[in-house]
Amino acid sequence: MMYYVLLPFLAVLLVVAQSKLAEILFSGLVTLELSLIVVIYAGFRLDLWKGAALSFVVGLAMDCLSGSVLGLFTLLYVFIFLFAWVVSSHIDSERLYLIAGFSLICSLAESLVLVLLYQWVFAFDMVDKILTVLVPQTLLVSVLSACFFYAMRTVERLLTYE
Amino acid sequence: MILAALSLFSYGLKYDAGQSLLQRLAMGAAAPVQKLVTLCVESVENAWTRYVRLVGLEEENRKLRGAIGELEAQLTLYRQGYLEAQRLQALLSMEEREPYRFLAARVIGREQAALSKTLWIDKGQAHGLKPGMPVMALPGLIGRLTNVSWHSARVQLLIDEGSSVDVLVERTRQQGMLRGAGSRGCVVRYISKIQDVREGDVILTSGLSNIFPKGLLVGKVVHTDRADAGMFLNIRVAPFADFTSLEEVLVLAGEKKDPFRERKAAR
Chain A
1 MMYYVLLPFL
11 AVLLVVAQSK
21 LAEILFSGLV
31 TLELSLIVVI
41 YAGFRLDLWK
51 GAALSFVVGL
61 AMDCLSGSVL
71 GLFTLLYVFI
81 FLFAWVVSSH
91 IDSERLYLIA
101 GFSLICSLAE
111 SLVLVLLYQW
121 VFAFDMVDKI
131 LTVLVPQTLL
141 VSVLSACFFY
151 AMRTVERLLT
161 YE
Chain B
163 MILAALSLFS
173 YGLKYDAGQS
183 LLQRLAMGAA
193 APVQKLVTLC
203 VESVENAWTR
213 YVRLVGLEEE
223 NRKLRGAIGE
233 LEAQLTLYRQ
243 GYLEAQRLQA
253 LLSMEEREPY
263 RFLAARVIGR
273 EQAALSKTLW
283 IDKGQAHGLK
293 PGMPVMALPG
303 LIGRLTNVSW
313 HSARVQLLID
323 EGSSVDVLVE
333 RTRQQGMLRG
343 AGSRGCVVRY
353 ISKIQDVREG
363 DVILTSGLSN
373 IFPKGLLVGK
383 VVHTDRADAG
393 MFLNIRVAPF
403 ADFTSLEEVL
413 VLAGEKKDPF
423 RERKAAR
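Heads up: the sequence lines are chains A and B, in that order.
Okay, so the first sequence: first residue is 1 according to our numbering, each after it adds one.
Okay, so the second sequence: first residue is 163 according to our numbering, each after it adds one.
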């Protein structure tokens, strides 16, 4: 129960922290999407309900705080979580290069959906940002997800030993 | 969950103008978090900036210390030069005052053993020095050359146990023999007990031997003792020169040439 109570606050904290970090590290040029990594991690490590709730809440926080269309990131994150959850039974999460590859695919898919959606619905031309923003962002997510999984694995082992 | 997300998305697409209740709630919740995170980040940034500044200051401090060291070394060099110039000026004034030809030399070593009180100077036979030449430093005689090599010479100081100089008491013109007494200075011998010699009397060279010219300052009487059983006074003399701090000396190389006297002699 505590998990569900704390989830919204932690989600808000995560979104605020990632935007601040991106601002500090990349001067706001690239988005540091730690929330996507958390959602992918949830797909591999959490059960369906907990993970789906986390994806929903984190996505909602992203929608509310990033100024995008309400429900866009919520929908994307829920789908990505489900995709990761399904794939987790076929991929060995210990192999970090597989995690990096999977994160790369998820991030690319997300970026593609965003570009297409903004293109079709709002007629925003985001094609010029693919190379300068979206590709670096995707690669960053890929690398960071491997690091995140490795760090979390270490923490899990430490907690298990204790 | 998917349905809820889809509903939200469709609602967002249709009605969203950034004013939905959910968004307001989220922003309300995020504001304190944002403030807190910003505060933390600013603290870290400030600490980092301060640290970088401190590193810069440390570097600057190190450079300044280096510069101070170099400047101090330069200052010492200049001070040495200034003091040397002063000493040389004093020696020069003596050279101008006295009717003798002097050769300035630098002290390059000193031997202050129990029985030997000597100096090494950086001039020798190549510069015209010969054994026996008197050596002076302000304000008077300090000894004579004993060993002379090509480019250096040894000076036997007045306080050397083997040193002896014919002297006289300036006030009474009584003559005696000045002998070195090591760390006690010098003693004057062969002045009869009936003679009047007092503490403070100035001792000069008498010029009796051909080694030292007459009238060079030697020292001052610091103690006289008549209680001894012998015939002569026991007179202790403190040389005028401070032998421990000699750095430059003048070797008396002969009398100055007087053109008038030379012309007269030629005639």
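Positions of the beta carbon are idealized from the N, C-alpha and C atoms, including for glycine.
So residue i contacts chain B; which residues on that side make the cut at Cβ distance below 8 Å?
{"i": "A/F56", "result": "M163, A166 and A167"}
{"i": "A/V121", "result": "L175"}
{"i": "A/L75", "result": "I164, A167, L168, L170 and F171"}
Among residues of its own chain, excluding the 5 on either side of residue i, which ones have a beta-carbon nearer than 7 Å to its beta-carbon?
{"i": "B/E361", "result": "V383, V384, H385 and T386"}
{"i": "A/Y3", "result": "K50"}
{"i": "B/G294", "result": "R306, L307 and I373"}
Cβ closer than 9 Å: which chain A residues qualify as neighbours of residue i?
{"i": "B/S205", "result": "Going along chain A, no residue has its Cβ under 9 Å from B/S205, so there is no contact; the nearest lies around 13 Å."}
Note down the Cα distance separating residue i from residue j, rounded to an integer number of angstroms.
{"i": "A/T160", "j": "A/D47", "result": "19 Å"}
{"i": "B/M163", "j": "A/L54", "result": "11 Å"}
{"i": "B/S169", "j": "B/Y213", "result": "51 Å"}
{"i": "B/A400", "j": "B/E220", "result": "56 Å"}
{"i": "A/L117", "j": "B/N208", "result": "41 Å"}
{"i": "B/K225", "j": "B/R215", "result": "15 Å"}
{"i": "B/R186", "j": "B/Y173", "result": "16 Å"}
{"i": "A/L75", "j": "A/D125", "result": "22 Å"}
{"i": "A/A146", "j": "A/I91", "result": "14 Å"}
{"i": "B/A235", "j": "B/L245", "result": "15 Å"}
{"i": "B/R335", "j": "B/E260", "result": "21 Å"}
{"i": "B/D322", "j": "B/R341", "result": "8 Å"}
{"i": "A/F166", "j": "A/S88", "result": "Here chain A has residues from 1 to 162 only, and residue 166 of chain A is not among them."}
{"i": "B/T211", "j": "B/V203", "result": "12 Å"}
{"i": "B/E417", "j": "B/R263", "result": "5 Å"}
{"i": "A/V143", "j": "A/A100", "result": "6 Å"}
{"i": "B/G392", "j": "B/F405", "result": "31 Å"}
{"i": "B/A343", "j": "B/Y240", "result": "38 Å"}
{"i": "A/E110", "j": "A/L140", "result": "14 Å"}
{"i": "B/D390", "j": "B/G338", "result": "17 Å"}
{"i": "A/T132", "j": "A/L29", "result": "9 Å"}
{"i": "A/L134", "j": "B/A166", "result": "28 Å"}
{"i": "A/S19", "j": "A/L7", "result": "18 Å"}
Would you give the residue range spanned by the alpha helix (DSSP H) that residue i belongs to?
{"i": "A/M152", "result": "V135 to Y161"}
{"i": "A/Q18", "result": "M2 to F26"}
{"i": "A/G59", "result": "L48 to S66"}
{"i": "A/W120", "result": "L96 to W120"}
{"i": "A/L75", "result": "L72 to V87"}
{"i": "B/S326", "result": "Premise fails: B/S326 lies in the beta strand (DSSP E), S326 to V331, not in any alpha helix (DSSP H)."}
{"i": "B/K176", "result": "I164 to Y177"}
{"i": "A/L36", "result": "L34 to R45"}
Under 7 Å between beta-carbons, which chain A residues line up against residue i? List them in chain order, please.
{"i": "B/T211", "result": "By Cβ distance, chain A contributes nothing, its closest Cβ being about 13 Å from B/T211, past 7 Å."}
{"i": "B/V199", "result": "V16, A17 and K20"}
{"i": "B/V195", "result": "V12, L13 and V16"}
{"i": "B/K192", "result": "Here residue 192 of chain B turns out to be Ala, not Lys, going by the sequence shown. V12, V16 and L65, listed in chain order."}
List, in chain order, every chain A residue whose beta-carbon is nearer than 8 Å to that of residue i.
{"i": "B/G174", "result": "D63, V69, L70, G71 and L72"}
Could you tell me the boundaries of the beta strand (DSSP E) in which residue i lies?
{"i": "B/S345", "result": "No beta strand (DSSP E) holds B/S345; DSSP gives it neither H nor E."}
{"i": "B/R400", "result": "Checking the sequence shown, residue 400 of chain B turns out to be Ala, not Arg. Segment N396 to P401, the beta strand (DSSP E) holding B/A400."}
{"i": "B/G362", "result": "Segment: none, B/G362 is in no beta strand (DSSP E) and carries neither H nor E."}
{"i": "B/Q318", "result": "A315 to L319"}
{"i": "B/G302", "result": "G302 to V310"}
{"i": "B/G381", "result": "L379 to D387"}
For residue i, collect the residues of the same chain with a Cβ closer than 6 Å to its Cβ; drop the 5 residues on either side in sequence, then sort them by chain order.
{"i": "A/A11", "result": "V57, V58 and A61"}
{"i": "B/E409", "result": "V269"}
{"i": "B/S182", "result": "none"}
{"i": "B/R272", "result": "L281"}
{"i": "A/T31", "result": "A22 and Q137"}
{"i": "B/K355", "result": "R388 and L395"}
{"i": "B/G305", "result": "V297, V317, Q318, L319 and L320"}
Give every residue of the same chain whose Cβ lies closer than 8 Å to the Cβ of residue i, excluding the five residues on either side of it in the sequence, and list them in chain order.
{"i": "B/A299", "result": "L253, A403, L408, E410, V411 and L412"}
{"i": "B/G369", "result": "D328, P375, K376 and G377"}
{"i": "A/F26", "result": "L32"}
{"i": "A/S68", "result": "M62"}
{"i": "A/A17", "result": "L34"}
Which chain B residues sit within Cβ distance under 9 Å of residue i?
{"i": "A/L60", "result": "A167, L170, L184 and A188"}
{"i": "A/A52", "result": "M163 and I164"}
Starting from residue i, find everything on chain B with Cβ-Cβ shorter than 7 Å and list it in chain order.
{"i": "A/I24", "result": "V203"}
{"i": "A/V78", "result": "M163, I164 and A167"}
- Query: Are there three or more Cβ pairs, one per stretch, closer than 8 Å when the region 58 to 72 of chain A is compared with the region 173 to 193 of chain B?
  - Reply: yes
- Message: Closer than 8 Å is the cut-off here; do at least three beta carbon pairs connect the region 387 to 401 of chain B with the region 366 to 374 of chain B?
- Response: no
- Just checking, does the region 308 to 323 of chain B make contact with the region 279 to 296 of chain B on the three C-beta pairs under 8 Å criterion? yes
- Task: State whether the region 30 to 46 of chain A contacts the region 67 to 85 of chain A, with contact taken as three or more CB pairs (one from each stretch) at a distance under 8 Å.
- Result: yes
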